[in-house]
Structures are given as C-alpha cells and as structure tokens.
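In our numbering, the protein residues as written are 1 to 271. Since the structure comes first, as structure tokens, the remarks are kept for the end.
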Ligand code: ADP
C-alpha cells in the first residue's frame, strides 16, 4: 500500500493528512507552526508516521501547501492553498452536495473561494492585511477573557444578554474594548458572542463581495467554533456546511493532489 501526504504549513498550525490509495484519510496531525517551519514539519510528520506505524518510504508523494510551503524542502511538489482548499472541499464536502463557495478562516487570514459546478476555482478574495476577523483575533480575545479558544463556542451558546455591539475593527483596539466591556459588568459569554458577530459580519461582507453562491462550505481552524458558525449563518442568512474536521481540509486536498501528481508523473515517466 502506498500513502500520499498533504502538508499544509499555515501561519498558526501545521496540518498533515495521510491518504491511502483509495483516498481514505488514514491519519492526520495538527501541530504548532512556530518559527522553525521545516524542522517542526519534519517532527510532526515523523511523529504521525510512527504513531500510525507507516514507514516513511511508503509515502509515495508529498504535496506541500500553505503560507510556509516553500520552506519545507522535503516536499515533492508545492501548490497554492487556494487549489488545495478547493480539492479538499471537493473531497470532504462532496457528500453534502455541490459546494459552490468556500469560506476559510485561518490564523491570520480570511478567504472566500468561489467554485464552478465541477468544483474548480473561478474566483477568490482574501483578507490577509489585518488580524481582525481571523483566528488570531479569537486567540487574543480568548487570552483576555481567560477562556480556551476551544471553549469559545460553548461560551457563545450560553450568552443570554441583549446583543452587545463591538465597535473596534482592529485587534489591538478590540483588546481594550473587551477590557472596558468587562469593567462595565458585561458577562464573558455576551462579549464572546459579540466578538463572533463582529468577525462574522466582516467575513459575510467579503463573501458577498466575492459573489458567494450555492452551497457554502466553512473550514479552517475557527470553523471548529460552533458559536462562530452560528453567527456566520445569521450574517449570511443561510446555512453553511462544516466538515467534521474543518482544520485539515486544505491538507487533505493537498494529499488528493499528491496522488494525482504521483500517478500523472508515472504515466509521463513511462511514456
Ligand atoms: P492557519 O492555516 O493559518 O495556520 P488554521 O486553519 O490552522 O490556520 O486555524 C488556526 C486557528 O484556529 C487558531 O488561530 C484558532 O483561532 C482556531 N482554533 C484552533 N483550535 C481550535 C479549537 N479547538 N476550537 C476553535 N478554534 C480553534
């Protein structure tokens, strides 16, 4: 059995997916990107292979993607995260219907990718100039509120007060706004819901500007936050599809493309 690796080196997290020849996900791992992209990726890959009992020489092809892809020297090939995300949405999202729009939130950017009927990229828009509306914004807010990022969704669901408006459009100002809201006696849960709505509003604007259409697939690490999902659905005024493992979609797409590249290279080599 041969395996195919998709390695997504994001601004915040490294995601690795191993697929078998039938494109089943056999193992995956998420690790912090840190500052040593290459060394940290090797460490995460070695750990995953050891834990899954797969010898390195069984990995026939490695496709790197994401912000740090150029720094991972061991990859056989590299592709943009837009193409990998689209391939991942086709692979993991197919069971939900024909995905026409992907909304991806990462650690430091927000992307909207519009697909054609066959799932190929027609258009995309990205905000990577400002941390507001990204996973980093939520990390900073969670730290201020002394809540784990993974608990933000549950806290949102417990919000009971009248919706609070967050006025700050910048992460730095949002930090001071959170502190004043706490000082004025607002509950953490209500502030968290307000933060989610402020992100959802920004992302919804980007999605509408990009020509959002049809079934919407929401992925990236922040899509694990059910409060943010609910806020985004409200702002978009439609349901979104969130895959079971939203943080690894792009890595999964890269692994699918690794298999395609491996077999097309063999055909070329054989010709
Ligand atoms: P990137 O590809 O840019 O590294 P990711 O798609 O991996 O970004 O998303 C990273 C973000 O995911 C973090 O900044 C954080 O906000 C969010 N995140 C990570 N783990 C969780 C979790 N368990 N629940 C909710 N959000 C999470």
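Idealized CB from N, CA, C, for every residue including glycine.
- At a cut-off of 7 Å, the beta-carbon of residue 107 counts as near ligand 1: some heavy atom of the ligand is closer than that.
- Per DSSP, residue 179 is not a residue of any beta strand (DSSP E); the alpha helix (DSSP H) it occupies stretches across 171 to 183.
- The Cβ atoms of residue 84 and residue 231 do not sit closer than 8 Å to each other.
- Using a Cβ distance threshold of 8 Å, residue 14 and residue 40 count as a contacting pair.
- A buried status is given to residue 242, since no fewer than 16 other beta-carbon atoms sit within 10 Å of its beta-carbon.
- If you ignore the 5 residues before and after residue 20, its C-beta comes within less than 7 Å of the C-beta of 1, 3, 26, all in its own chain and listed in chain order.
- Residue burial is scored here from C-beta neighbours: residue 237 has fewer than 16 other C-beta atoms within 10 angstroms and is therefore classed as exposed.
- Contact holds between the region 179 to 188 and the region 159 to 171, because three or more Cβ pairs, one in each stretch, are under 8 Å apart.
- Taking 4 residues as the minimum length, the alpha helix (DSSP H) runs contained wholly in the region 28 to 112 are 37 to 52, 81 to 93, in order along the chain.
- Counting along the chain, residue 195 sits inside the alpha helix (DSSP H) bounded by residues 188 to 209.
- Distances taken from the Cβ of residue 34 to the heavy atoms of ligand 1 include none shorter than 7 Å.
- DSSP places residue 149 in the helix class (H, G or I) of the three-state scheme.
- The C-beta separation of residue 145 from residue 192 comes to about 7 Å, placing the pair in contact by the 8 Å criterion.
- In this structure, residue 145 has its CB at a distance of at least 7 Å from all heavy atoms of ligand 1.
- Sequence-distant partners of residue 137 (beyond 5 residues in either direction) whose C-beta falls short of 8 Å from its own C-beta, in its chain, are 131, 171, 174, 195, 199.
- When Cβ pairs closer than 8 Å are counted between the two stretches, the region 100 to 120 is seen to touch the region 215 to 232, the count reaching three or more.
- In the three-state reduction of the DSSP assignment, residue 248 falls in the helix class.
- With three or more CB-CB distances shorter than 8 Å, the region 202 to 216 counts as touching the region 89 to 101.
- The C-beta distance from residue 182 to residue 125 rounds to 34 Å, too long to meet the 8 Å contact threshold.
- Apart from sequence neighbours up to five positions away, the residues of its chain that approach residue 68 with a beta-carbon distance below 6 Å are 9, 37, ordered along the chain.
- The straight-line gap separating the alpha-carbon atoms of residue 53 and residue 17 is approximately 14 Å.
- The beta-bridge partner set that DSSP reports for residue 3 consists of 20, 59.
- When DSSP states are grouped into helix, strand and coil, residue 8 belongs to the strand group.
- In this structure, residue 248 sits near residue 28, with a CB-CB distance shorter than 8 Å.
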